[in-house]
Structure formats: structure tokens, C-alpha cells
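Peer 1: All residue numbers for the sequence shown refer to the working numbering, where the first residue is 131 and numbers rise by one.
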Amino acid sequence: MAAITQLKHFSGGLTLAAHKQPSNILDSGIPNELIYPLLQRADCYAQPIVKTGDAVLKGQLIAHAGSALSTPIHAASSGVIKEIAAHLIAHPSGLTDLCIVISTDGLDTALEPEPCIDYQSESISDLRTKIQQAGIVGLGGAVFPTAKKLAAPQKIDTLIINAAECEPYISCDESLILAHAEQLIQGVLILQYITQAEQCIIALEESMPQAFQALQKATQKEAIQLIRVPEIYPTGGEKQLIQVLTGKKIPAQSLPAEQGMLCQNIGTAYAVYQAIILGVPLTERIITVTGKGIQHSQNIQAKIGTPIKHLIAECQGYTNDVQRLIMGGSMMGIALSSDEIAVTKATNCILALSSEELAAQTQEMPCIRCGDCANVCPVELLPQQLYWYGRSQQLEQCLDYRLLDCIECGCCDIVCPSQIPLVQLFRAIKGEHTIKQQQTAQADLAKIRYQNRQTRFANAEQEKKDKAAKRQAAIDKMKAAAAAKKANKPD
Ligand code: SF4
Ligand code: SF4
């Protein structure tokens, strides 16, 4: 692909107030407890390899991946396994699920890391294995296992590093660039080596001049193209960013790798640097803790598994006007019922909103078919149609109207004059669809098991019959031989 000289547009999108305050990164310190949900992504559980009472060190493996779409979990500090029990997890419906809980000892004693001096002396497959073993996932929010994404069978021409942090309030990637530009560029080069991509682009928003300068300095000797993209939400969406950079639309249900492109978040590149060069697994990440509901907004280097209340305390606590706690940004985040919930690898932001920041919420009104939602949808969906079919539980029609292509960006919600919580409805219908798919898959599996069992029974029965027939034939033969012998015997 030729160097990018002119940017393109995707349809829809919004220009939003940024509310960003990139800051120095504060170290969160060690909380009393670290909590790790075993649920990694939808229906993908990690398998614990520790039990209550076990002593663990920082960086020690405490749960295996469990499946190809899951990743291992490592302790972010030293201590003792307190329990493996149900605990509140970050989920829109306030779910509890199994979590490993570590009582920390405050010492932060770490396993000896295994650094690497020359990554190019290692095979690509070994590097991918190290990335898998380090528990690295896409840190932009999708938490897809990075090693799996790097194992795309297609030839990759272009590696795109996504630093277009387009969602309001979130500035963790910008702070990361300002603090660790040199190191994360090493991570980018490792990713380029693994993908063997000829071209590498780092995309960041126009509103990040200092980060741009830091990256310019760090990439002076490298053939990496830095591109500033306009501040239009959701430019940081993988497919939207690709469209802005290349003009190519990645079809729904299709992957960028099918068109020779691979996208990685800039935070992921830094985690790759830490895993390969320093030999340490993913146990910490930068989280933006912000909003007018807390005393002091801050980007924090947090241990994964830290309860949110610990991070809030690091920001000098709540104000008197905290109204809502959100994990993620104001557009795509989920409201939380408690600050006892722990941050995960997916947590890029904790938002404590005040009444002033919450949009004046009037009661939901009927859809007036104004079409505003369709005008801003970056995926060119018809949210009002999805709303009509979704409301009446017509799942098939929702699928026909490409429900599964919805990236839950929230643009339609923001512009809806009738204050209809569209994304909430779309998430709920998608959830129902997933449950139905799982039920169908389970029913199919049960059917296959039943058929296999019936076949086994029939085969066993046949085998029994064959054996009985063989035995009878042998007896008959013996009898016939005996009779013949008797008949031939002289009196
Ligand atoms: S923006 Fe709201 S009121 Fe207008 S068509 Fe969409 S759902 Fe209906
Ligand atoms: S939330 Fe879904 S339907 Fe609404 S604008 Fe975003 S992609 Fe379109």
C-alpha cells in the first residue's frame, strides 16, 4: 500500500466535547485485595490453577486460558489466595461470577522476569507463544487475545497502530505515549516483525500535538508513518479508522486481515514490549479516572484486579455530587452498581459523573421517525428500524437489519430527540441472540451426542448378536463333528 497522503471519511459520526485531561501517570500502589473474574470474554472462562491458601508472587500464573478466545491471568502483586468465589463483576446487569481473590501482603515480591535482548533471534511462532503466555489482549476495549489476532493466516501488508483515542474523557493512551514513547515503539516494531507487514502506520488524533511530537522523536530512525486523524467520534473504531486511513470499507462480519491489514491498540504494543523485552506478563495498565464526580482526575498505572474504590481513593475520593459510576467512556461504557468491582484488562476508564455532566434526562418519548439516528450511524444502519423490531422482540428482522454490525458506539442515543435508550435495547437483543445461539449449539450438541449414543448401542447390540451367532455356529460345528464322529465309529 502506498504512503497515506489523503484521509477519507466514514459516514455519520459526531464531533463531541473532549473533556480530556492527559496527566502524569500516578502509580496506584497496592490495594488490600486483587479480584480476578474468571470470565474473560462472553462465555470464555479461564481455569484457576491455584487454591485457597496458596501463596502467590507478582507475575505468577493463577489461571490458564481455558479456551482459544480466553487468556491466562497472572497475579499483579504478591500475597495469598483468599478465595475463589462469586463476586460482583463489571457487567451491565450487575452480575456476580466466580473470581480469584488475592489478599496482598504489601511486599510486591515478583517472580524473576525473563528478559530478551534480541527478539529477532527468536522465531515468530515463539514470540506469539510468549505473547499468549503473557496474557496479552487488545487493550482498546475489545480484549481479543493478541496472539490469536497475530496468527491471522492472511498475508499482512499494513500494520495499523490505533492511538486515535476518540471517546470523550479517556486519555490513557495519550498519557502512555507521553510517558513511554520509546518503549512502545519497540513494541510496535516487534508487532511489525511478527506480522511481517511492509508498512506500519500509527494513527492518533489531531488534538494530541505533544503525543505526536513524542512519537516523532521516538520514530526518527524507523520507517513508521505517523498520521493525525480528525476528532470525529468514533474514528478510533477499528473499521472506521481503516476507512479514514485507506478509504477501504471492511465488510460486516469480515476481518481487516482479509484485506491485508491488522490493527493493534497502542497500549497493546506497550504490553508486547513488556512481555517480550522485559519478560513480564500483563498485570497492569493505565486507566483514566475522571469526571466531575471525583475530586482529582488522574491517569493511573493500576494493577489489574484493583477494586475501583481504591482508585477513587487515589483521586482523593468522590465529590458530594457524584451521580453515576461508569466503566469505560461516556459513549460506550457500562454503568456500575458498586465501586467494589475490580478493574480488568479491558478497563481504560473509570468515569464518575456529576449531575451537571449527566444530560438533562427527560422521560423517554415515542419515536418521531426523524431519522437523526440513521444520519449519525457510522455503520450505516437504520437504528429506528432496529428499535421497532427490537421492541416487539422480532429478532430475525433485527438480524436482517444488521443488528450484529452495530458497534454500540452510542451516536444514535446522543442525537435521539425522544431520549430513547437505543444502545441499551440493542445490547439486550444481541444478548438474547447470543443466548439463543448457545442454546441452539447446545441442542445440536445434545442431538449429536444422542445419535452417537444410539449408534454405539446399535453397534454393541449387533456385536453381541454377531458373537452369539458365531458361538452358536461353533457349537453347531462341534455338535456336527461329534455326530459325524459317532456315526463313523465302528460298533
Ligand atoms: S432519532 Fe429517535 S426519534 Fe428520531 S428516528 Fe431515531 S429513534 Fe426515532
Ligand atoms: S450504536 Fe449501533 S446503531 Fe447506534 S449509531 Fe452506533 S453503530 Fe449505529
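For each residue, glycine too, the CB sits at the ideal point set by N, CA and C.
Fair warning: this is a prediction, and the values are worked out from it, not measured in the lab.
Does at least one heavy atom of ligand 1 sit under 7 angstroms from the Cβ of G501?
Peer 2: Yes, ligand 1 has a heavy atom inside 7 angstroms of this Cβ.
Peer 1: Consider the C-beta atom of V509 and the heavy atoms of ligand 2; say whether any pair is separated by less than 7 angstroms.
Peer 2: The answer is yes for V509.
Peer 1: Can the beta-carbon of I362 be found closer than 8 angstroms to that of T145?
Peer 2: Closer than 8 angstroms, so yes.
Peer 1: So what does DSSP say about V402, is it helix, strand or coil?
Peer 2: Helix.
Peer 1: Using 8 angstroms as the cut-off, can you tell me whether the region 223 to 242 makes contact with the region 566 to 576, which would need three or more C-beta pairs spanning the two stretches below that distance?
Peer 2: Short answer: they don't touch.
Peer 1: Quick check on this structure: which residue in I134, A148, H149 and S158 has the alpha carbon closest to the alpha carbon of Q446?
Peer 2: Ranking I134, A148, H149 and S158 by Cα distance to Q446 puts S158 first.
Peer 1: Within 10 angstroms of its Cβ, does L257 collect 16 or more other Cβ (buried), or is it exposed?
Peer 2: Buried, because 16 or more other Cβ atoms sit within 10 Å of the Cβ of L257.
Peer 1: Put A588 into one of helix, strand or coil per three-state DSSP.
Peer 2: In the structure shown, A588 sits in a helix (DSSP, three-state: H, G or I).
Peer 1: Cα separation between Q329 and I354?
Peer 2: Approximately 7 angstroms, taken between the alpha carbons.
Peer 1: Is any heavy atom in ligand 1 found nearer than 7 angstroms to the beta carbon of Y517?
Peer 2: Yes; taking the cut-off as 7 angstroms, the Cβ of Y517 has a heavy atom of ligand 1 nearer than that.
Peer 1: Hey, is S548 close to ligand 1, as in C-beta under 7 angstroms from one of its heavy atoms?
Peer 2: Flag set: Cβ of S548 near ligand 1.
Peer 1: Can a CB atom of chain D be found closer than 8 angstroms to the CB of Y175?
Peer 2: Of the protein chains in the structure, only one exists, and it is not chain D.
Peer 1: Put H204 into one of helix, strand or coil per three-state DSSP.
Peer 2: Three-state DSSP puts H204 in a strand.
Peer 1: Quick check on L488: buried or exposed, where buried means 16 or more other Cβ atoms within 10 Å of its Cβ?
Peer 2: Classification for L488: exposed.
Peer 1: Is it the case that the Cβ atoms of N162 and C302 are separated by a distance below 8 angstroms?
Peer 2: Their beta carbons are not under 8 angstroms apart, which means N162 does not touch C302 by this criterion.
Peer 1: Excluding sequence positions up to five away, which residues of its chain have a Cβ less than 8 angstroms from the Cβ of N618?
Peer 2: Cβ within range, chain order: n/a, list empty.
Peer 1: Can you list the alpha helix (DSSP H) stretches of 4 or more residues lying completely in the region 365 to 452, in chain order?
Peer 2: For the region 365 to 452, whole alpha helix (DSSP H) runs of length 4 or above, ordered along the chain, are 368 to 376, 396 to 403 and 438 to 444.
Peer 1: In three-state terms, what does DSSP make of T477?
Peer 2: The answer is coil: DSSP assigns T477 none of H, G, I, E or B.
Peer 1: Is DSSP giving G520 helix, strand or coil here?
Peer 2: Of the three classes helix, strand and coil, the one that applies to G520 here is helix, per DSSP.
Peer 1: Taking a contact to mean a Cβ-Cβ separation below 8 angstroms, would you say H426 touches P298 in this structure?
Peer 2: No, Cβ-Cβ distance for H426 and P298 is not below 8 angstroms.
Peer 1: Are the CB atoms of P283 and C229 nearer to each other than 8 angstroms?
Peer 2: In this structure, C229 does not lie closer than 8 angstroms to P283 by Cβ.
Peer 1: At what residues does the beta strand (DSSP E) containing G209 begin and finish?
Peer 2: Taken as a continuous stretch (DSSP letters only), the beta strand (DSSP E) holding G209 covers G209 to L218.
Peer 1: Let me know the alpha helix (DSSP H) ranges lying completely inside the region 541 to 586, each 4 residues or longer, listed in chain order.
Peer 2: Runs found: 541 to 545.
Peer 1: Could you have a look at Q190 and say whether DSSP puts it in helix, strand or coil?
Peer 2: Of the three classes helix, strand and coil, the one that applies to Q190 here is coil, per DSSP.
Peer 1: Can you look up D173 in the DSSP assignment and give me helix, strand or coil?
Peer 2: Coil at D173, not helix or strand.
Peer 1: Under 8 angstroms, do S294 and L334 count as touching if we go by C-beta distance?
Peer 2: Note that residue 294 corresponds to Ala in the displayed sequence, not to Ser. Yes; because the gap between Cβ atoms is below 8 angstroms, this pair is in contact.
Peer 1: With respect to 7 angstroms, is the separation between the Cβ of Q527 and the closest non-hydrogen atom of ligand 1 below this value?
Peer 2: Incorrect: Q527 has no Cβ contact closer than 7 angstroms to ligand 1.
Peer 1: My output table needs one value for D530: the three-state DSSP class, helix, strand or coil.
Peer 2: D530: helix per DSSP, three-state reduction.
Peer 1: What does a CB cutoff of less than 7 angstroms around I165 pick up in its chain, not counting 5 residues either side in sequence?
Peer 2: H217, C229, V231, G435, P437 and A472, listed in sequence order.
Peer 1: Between G463 and the rest of its own chain, which residues show a CB-CB distance below 8 angstroms, the 5 nearest in sequence each way excluded?
Peer 2: Closer than 8 angstroms at the Cβ level, and outside the excluded window around G463, lie I456, M457, C479 and L481.
Peer 1: Do P551 and Q370 have their C-beta atoms within less than 8 angstroms of each other?
Peer 2: Cβ distance not < 8 angstroms, so P551 and Q370 don't count as in contact.
Peer 1: Are there 16 or more other CB atoms within 10 angstroms of the CB of S208, so buried, or fewer, so exposed?
Peer 2: Label assigned to S208: buried.
Peer 1: One question on the structure: do P386 and I396 come within less than 8 angstroms of each other, judged by their Cβ atoms?
Peer 2: Going by C-beta atoms, P386 is not nearer than 8 angstroms to I396.
Peer 1: Straight-line CA distance for T226 to K475?
Peer 2: Roughly 18 angstroms between the two C-alpha positions.
Peer 1: Can you look up Y323 in the DSSP assignment and give me helix, strand or coil?
Peer 2: It is helical.
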